[in-house]
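Every letter in the sequence shown is one number past the one before it in the working numbering, and letter 89, counting from 1, is 97.
Structure first, then comments.
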Amino acid sequence: MVDNFELRRQIFHIFLGTSIVLLLFFEIFNAKILFMLLLTGSLLSFISREIKIPGIDWFLKKFERGGNIKKFPGRGAIFFIVGCLLVVKLFDRDIALASIMVLTFGDSVSHLFGLYFGKIKHPLNGLKKIEGNIFGSIAGGFMAMFFVNYIWAFSGAFIAMFIEAIEVKMGNNIIDDNILIPLIAGTIMYIFKTGFLFF
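Take a look at the structure:
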């Protein structure tokens with residue numbers, strides 16, 4: 009049975025990420041605009057906890073998980089923008105865009121493929137499926153190749169998706185995938201670009 013809610017969420021995830029990449033690529037967006045989006049989204053999230061904002065309320069009901077609507081409405085989209093902003097500020101343009109592609113396609117394909125076709129539990133995380141992780145890594149690496157070479161792309165994607173499956177914690181809190189995946193992917197690509205592996 010197809011889970012229409014999760015399918016909608018992941019389609020939106022892909023739409024959001026692809027849109028941000030294109031807007032950054034054509035220099036319509038930059039770090040300042042992403043920061044302004046983050047501030048605006050955070051403000052709307054705060055207000056939405058108490059007040060139903062027309063349009064925003066509809067959006068939340070369509071795409072937000074029930075547990076977050078009251079606690080942290082728009083959580084996924086806000087952390088997605090945080091992840092994008094971090095890699096744009098930390099890395100060169102090619103690596104930043106490739107990292108966002110890994111997040112956009114790797115995370116969504118991993119989730120959907122694992123949900124609909126996954127049979128084998130991931131050895132490091134019983135809530136995930138190994139097939140989803142593998143196909144998510146392939147999808148993320150393939151899309152990252154639009155901006156970096158295939159070695160950087162697939163190395164960044166596979167390592168990022170592998171670490172994401174472990175659910176890395178900071179204190180008692182799990183670091184959100186939308187932040188972890190692009191940072192790990194970008195770091196791996198940066199290591200390749202700078203030649204750090206050979207010293």
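Where a beta carbon is used, it is the ideal one built from N, C-alpha and C, also for glycine.
Beta-bridge partners of residue i, as assigned by DSSP
i, result
"His130", "Asn133"
"Lys178", "The sequence given here has Met at residue 178, not Lys. Bridge partners of Met178: Asn181."
Test item: CB-CB of residue i and residue j under 8 Å
i, j, result
"Gly148", "Lys137", "no"
"Ser145", "Phe166", "yes"
"Leu52", "Ile61", "yes"
"Val90", "Gly164", "no"
"Ile28", "Phe34", "no"
Contact set for residue i: own chain, Cβ-Cβ below 8 Å, skip 5 residues either direction
i, result
"Ala39", "Leu93, Val96 and Lys97"
"Leu46", "Ile86, Ile89, Val90 and Leu93"
"His21", "Gly84, Phe88, Thr112, Asp115 and Ser116"
"Val176", "Ile182, Ile183 and Leu188"
"Lys78", "Arg57"
Inter-residue spacing [alpha-carbon to alpha-carbon] between residue i and residue j
i, j, result
"Ile182", "Pro190", "15 Å"
"Leu131", "Arg57", "First, the residue type needs correcting, since residue 131 is Pro and not Leu in the sequence shown. Taking the straight line from one Cα to the other gives about 37 Å."
"Asp184", "Gln18", "16 Å"
"Ile55", "Leu15", "27 Å"
"Asn12", "Gly203", "44 Å"
"Glu139", "Leu24", "24 Å"
"Gly134", "Met178", "20 Å"
"Lys70", "Trp160", "36 Å"
"Ser118", "Ile142", "7 Å"
"Gly63", "Met197", "39 Å"
"Met151", "Ile128", "25 Å"
Residues near residue i in its chain [Cβ-Cβ closer than 7 Å; skip 5 each side]
i, result
"Leu31", "Phe37"
"Pro81", "Ser53, Ser56, Arg57, Leu68 and Glu72"
"Ile192", "Ile167, Ala168 and Ile171"
"Ile232", "In the structure as shown, the chain starts at 9 and stops at 207, and residue 232 therefore has no counterpart that could be examined."
"Leu105", "Val29, Leu32, Phe33 and Phe155"
"Phe43", "Leu93"
Closer than 7 Å: residue i CB and nearest the ligand ZN heavy atom
i, result
"Asn181", "In terms of ligand content, the structure shown is empty, and the ligand ZN therefore cannot be addressed."
Write down every uninterrupted run of the alpha helix (DSSP H) in the stretch 89-166 whose length is 4 residues or greater and which is fully enclosed by it, in chain order. 101-109, 115-125 and 138-152
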